[in-house]
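>
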Amino acid sequence: MCGIVGYLGPKKATPILIEGLGKLEYRGYDSSGIAVLENDDIKVEKCRGRLSNLKERVQSSDFASSIGIGHTRWATHGEPSDVNSHPHCNEDESIAVVHNGIIENYIVLREMLMAKGYKFVSETDTEVIPHLVDYYFEGNLEDAVMKATKKMEGSYALGVISEKDPGKIVAVRKDSPLVIGVGENESFIASDIPAVLGQTRDVYLLEDKEFVVMTNDGITIYDENKNKVDKQIFHVTWDIDAAEKGGYEHFMLKEIYEQPKAIKDTLTSRIVKGEKIKIDGIHLTKEQIEGFDKVYIIACGTAYHSGVVGKYVIERLAKIPVEIDYASEFRYRNPLITDKTLMICISQSGETADTLAALRLAKDKGARIIAITNVVGSSISREADDVFYTWAGPEIAVASTKAYITMLIALYIIALYMAEVKNTIRETEINKIKDGLLDLSEGVAEILSDIEKIKTFVDKVYKEKDVYYLGRGLDYAVALEGSLKLKEISYIHSEAYPGGELKHGTIALIEEGITVIALATQEDIFDKMVSNIREVKTRGANVLGIAMEGHPDIEKTVDETVYIPRVMPILAPVYSVVPLQILAYYTAVRKGCDVDKPRNLAKSVTVE
Ligand code: F6R
1 MCGIVGYLGP KKATPILIEG LGKLEYRGYD SSGIAVLEND DIKVEKCRGR LSNLKERVQS
61 SDFASSIGIG HTRWATHGEP SDVNSHPHCN EDESIAVVHN GIIENYIVLR EMLMAKGYKF
121 VSETDTEVIP HLVDYYFEGN LEDAVMKATK KMEGSYALGV ISEKDPGKIV AVRKDSPLVI
181 GVGENESFIA SDIPAVLGQT RDVYLLEDKE FVVMTNDGIT IYDENKNKVD KQIFHVTWDI
241 DAAEKGGYEH FMLKEIYEQP KAIKDTLTSR IVKGEKIKID GIHLTKEQIE GFDKVYIIAC
301 GTAYHSGVVG KYVIERLAKI PVEIDYASEF RYRNPLITDK TLMICISQSG ETADTLAALR
361 LAKDKGARII AITNVVGSSI SREADDVFYT WAGPEIAVAS TKAYITMLIA LYIIALYMAE
421 VKNTIRETEI NKIKDGLLDL SEGVAEILSD IEKIKTFVDK VYKEKDVYYL GRGLDYAVAL
481 EGSLKLKEIS YIHSEAYPGG ELKHGTIALI EEGITVIALA TQEDIFDKMV SNIREVKTRG
541 ANVLGIAMEG HPDIEKTVDE TVYIPRVMPI LAPVYSVVPL QILAYYTAVR KGCDVDKPRN
601 LAKSVTVE
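Each step along the sequence shown adds one to the number in the UniProt record's numbering, with nothing skipped, and position 217 is 217.
#1: Once the 5 residues before and after Tyr248 are set aside, which same chain residues still bring their CB inside 6 Å of it?
#2: Whose C-alpha, out of Gly70, Thr14, Pro10, Ser31, is nearest the C-alpha of residue 678?
#3: Kindly indicate which three-state DSSP category Thr352 falls into: helix, strand or coil?
#4: My guess is that Val212 and Leu206 are in contact by the Cβ rule of under 8 Å, so how many angstroms apart are they, rounded?
#5: Would you kindly check if the distance between the Cβ of Ser328 and the Cβ of Ser347 is under 9 Å?
#6: Quick check: what's the CA-CA separation for Lys432 versus Ile279?
#7: Spell out whether any CB of chain C is found under 9 Å from the CB atom of Phe388.
#8: How would you label Asn423, buried or exposed, when you count the other beta carbons within 10 angstroms and need 16 or more for buried?
#9: My output table needs one value for Asp475: the three-state DSSP class, helix, strand or coil.
#10: So, helix, strand or coil for Phe330, using DSSP?
#11: Taking the continuous alpha helix (DSSP H) assigned at Tyr136, which residues delimit it?
#12: Using only CA atoms, which one of Pro579, Tyr585, Glu488, Ile297 lies nearest to Glu446?
#13: Closer than 8 Å to a non-hydrogen atom of the ligand F6R - does that hold for the CB of Tyr26?
#14: Do you know whose CA, among Ala362, Ile314, Lys591, lies nearest Arg333's CA?
#15: How big is the Cα-Cα spacing for Thr538 and Asp527?
#16: With C-beta atoms as the reference, is residue 610 less than 9 Å away from Val516?
#17: From which residue to which residue does the alpha helix (DSSP H) around Arg316 run?
#18: Would you check if the distance between the CB atom of Thr355 and the CB atom of Ile380 is smaller than 9 Å?
#19: Out of Tyr135, Val458, Gly473, point me to the one whose CA is closest to Leu571's CA.
#20: Check whether the Cβ of Tyr462 lies closer than 8 Å to any heavy atom of the ligand F6R, and answer yes or no.
#21: So, Ala75 versus Ala35, is the Cβ gap smaller than 9 Å?
#22: Would Thr557 and Val577 be called neighbours here (beta carbons separated by less than 9 Å)?
#23: Going by DSSP in three states, Pro579 sits in which element: helix, strand or coil?
#24: Return yes when the Cβ of Ser31 is within less than 9 Å of the Cβ of Pro80, no when it is not.
#25: Once the 5 residues before and after Phe251 are set aside, which same chain residues still bring their CB inside 7 Å of it?
#26: Can you grab the Cα-Cα spacing for the pair Tyr586 / Ala392, in whole Å?
#27: Go ahead and pull the three-state DSSP assignment for Met152.
#28: Considering only DSSP beta bridges, list what Thr341 is partnered with.
#29: Pairing CB atoms from the segment 399 to 412 with CB atoms from the segment 307 to 314, are three or more of them under 8 Å?
#30: Run through DSSP, which three-state label would Val236 get?
#31: Enumerate in chain order the residues of its own chain whose CB-to-CB distance from Ile425 is below 7 Å, with the five nearest sequence positions on each side excluded.
#32: Tell me Thr220's beta-bridge partners as DSSP assigns them.
#33: Spatial neighbours of Glu323 within its chain, please: C-beta separation below 6 Å, excluding the five flanking residues on both sides.
#34: Check whether the Cβ of Glu45 lies closer than 8 Å to any heavy atom of the ligand F6R, and answer yes or no.
#35: What are the complete alpha helix (DSSP H) segments, minimum 4 residues, inside the segment 421 to 457?
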């Protein structure tokens, strides 16, 4: 939610800020803006809409400054508008602030400041910050920012400049991500690494409440009590190309096609034929694994959907009861947690506010936390006890694809690892699943090499107002994800139902010509699923079936079938989700939607 950038060095700041914001647009794109110190005078350009609008504006202003901050917004407080865009300034525009996060006590602070004569122009929570900094300013910007943040509740990553203390950028974070790029005689701030990767590979990953003061003399990092902090530089090893479109029309399509590699990378060194499973970031003893009496899987959105598969797989292989919950529900329901609880938090970004809060709650109550995340050094990875990194590479499209598939791989590996340690299934079965996992990358590549059949279905789906997804067991878990993909990028209403549940109400919505996508990959419940398909066919539905090769019987029941390669049913989600991603993608393209940046959404949800 929102992205911030900053630059200080010998070069012109504006193009660097704009380039950085371009890499952060996935975090929000309601409006954008920059503030620079032009001859020690703050100049602001900001406007509603996409970054392209801001680019046009800054072209005409042609700032020469070499110090500046920038912002791309996902609106929380106050509609997307020019005035609500960041940067926000104090009244005489001598202090400018960019902010990612939410100031939860902004109403109290606003009233306090208004009582002292401060005037507000926007509806945002952020606007209290420049006024507070102004209120505490006594000649030194970092001291004023430190004092201001002591009054602020909520989450923030801030970049602050002031003409009263020029030649400096002050940055700080609490519960919102922030990295500091270290260049030669230049420094950067950014909400995420891709925003600085065009300039430097060396970054500091800030901890909560660490302050940074950047000047031409270098970067100084302080803790909240102004003690200097000595930090290790984190060297980014992945390539900027990984964050570029590389010839694909959209990031989403590129990321769908990167799935075979992402699967392979995530399995590498963890699953090796003939060897026991090794997970480098997980340090549990046999006694600890045997001691867990319950697993919670906690996540949001697509990550939650991977967890639905995870619940099934862990119960089946490691024989531990698993409860799955949305992080936003879990954190407010007083969950039953003991020191025998294992919590698995799944988050691509590692920054999702609800997941992070759920993690902290469970940790406080004594649970052991494993994080599954795609972002090295993210907040969730740092606060968890153990980390399983999915090696999907940067995921830029808002709709998650390759991160989802690698979350599935992570969950299979963790479940199998626990099963191996606990001896809950036969070694022959473990080996069979390991072999199956090692074949998945090739199987996904095979599906992607021939997508024509699934594309023919787009012609029908793109005209629909409602689409229903049905499945049982693991197929239901995948149906949830397929349905979310379609609705989030094509804006077609869709719902996913367990096949047997439809008749308890929702079947009333099935009428002549409606599109139903039915997954029937699970052999043990294939006949049951076929009965459920018949129920909707009888009521006039047009059904696309997803089944495993070797099950031609399905064709007697459905209108069209897409086959996935044969695979052990427990691993089928890795295959069956792919046609659903493709269907969602081409449907959105056919409708002319902005696939990589769907309306109202942002990639990293760092607000509650
Ligand atoms: C949908 C999507 C979201 C995320 C959710 C959690 O395609 O990507 O539903 O899965 O916002 O994000 P992370 O995994 O970063 O915690």
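Ideal Cβ positions, reconstructed from N, Cα and C, are used throughout, including at glycine. Note that the coordinates shown come from a computational prediction; the quantities given were computed from them, not determined experimentally.
Walking through what the data contain:
#1: The residues are Lys254.
#2: Since the first and last residues shown for the chain are 1 and 608, residue 678 lies out of range.
#3: In the three-state reduction of the DSSP assignment, Thr352 falls in the coil class.
#4: The C-beta distance from Val212 to Leu206 rounds to 7 Å, short enough to fall under 8 Å.
#5: In this structure, Ser328 does not lie closer than 9 Å to Ser347 by Cβ.
#6: Near 19 Å, if we compare the C-alpha coordinates of Ile279 and Lys432.
#7: Structure shown: chain C not included; a single protein chain is present.
#8: Classification for Asn423: exposed.
#9: Looking at Asp475 - three-state DSSP - the assignment turns out to be helix.
#10: Looking at Phe330 - three-state DSSP - the assignment turns out to be helix.
#11: Its alpha helix (DSSP H) spans residues 128 to 136.
#12: The option with the nearest alpha carbon to Glu446 is Pro579.
#13: For Tyr26, the shortest C-beta to heavy atom distance toward the ligand F6R is 8 Å or greater.
#14: The candidate whose alpha carbon is nearest that of Arg333 is Ala362.
#15: About 16 Å.
#16: This structure leaves residue 610 out entirely; the chain is present only between 1 and 608.
#17: Unbroken alpha helix (DSSP H) run through Arg316: 301 to 318.
#18: Cβ atoms of Thr355 and Ile380: closer than 9 Å.
#19: That would be Gly473, whose Cα lies nearest to the Cα of Leu571.
#20: Tyr462 Cβ: outside cutoff for every heavy atom of the ligand F6R.
#21: Not a contact, by the Cβ cut-off of 9 Å.
#22: For the pair Thr557 and Val577, the CB atoms are not nearer than the 9 Å cut-off.
#23: Correct three-state label for Pro579: helix.
#24: Against a cut-off of 9 Å, the Cβ pair of Ser31 and Pro80 comes out as a contact.
#25: Exclusion of the five residues before and after Phe251 leaves Lys245, Ile396, Ala397, Asp596 as the residues of its chain whose Cβ lies within less than 7 Å of its Cβ.
#26: Their backbone Cα atoms lie some 22 Å apart in a straight line.
#27: Met152 sits in coil when the DSSP states are folded into three classes, being neither helix nor strand.
#28: Beta-bridge pairing links Thr341 to Lys294.
#29: The segment 399 to 412 is in contact with the segment 307 to 314.
#30: The answer is coil: DSSP assigns Val236 none of H, G, I, E or B.
#31: Here the set comprises Leu317, Ala419.
#32: As a beta-bridge residue in DSSP terms, Thr220 pairs with Val213.
#33: Only Tyr296 meet the Cβ criterion.
#34: Every heavy atom of the ligand F6R is 8 Å or more from the Cβ of Glu45, so no.
#35: Inside the segment 421 to 457, DSSP marks whole alpha helix (DSSP H) runs of 4 or more residues at positions 427 to 449, from first to last along the chain.
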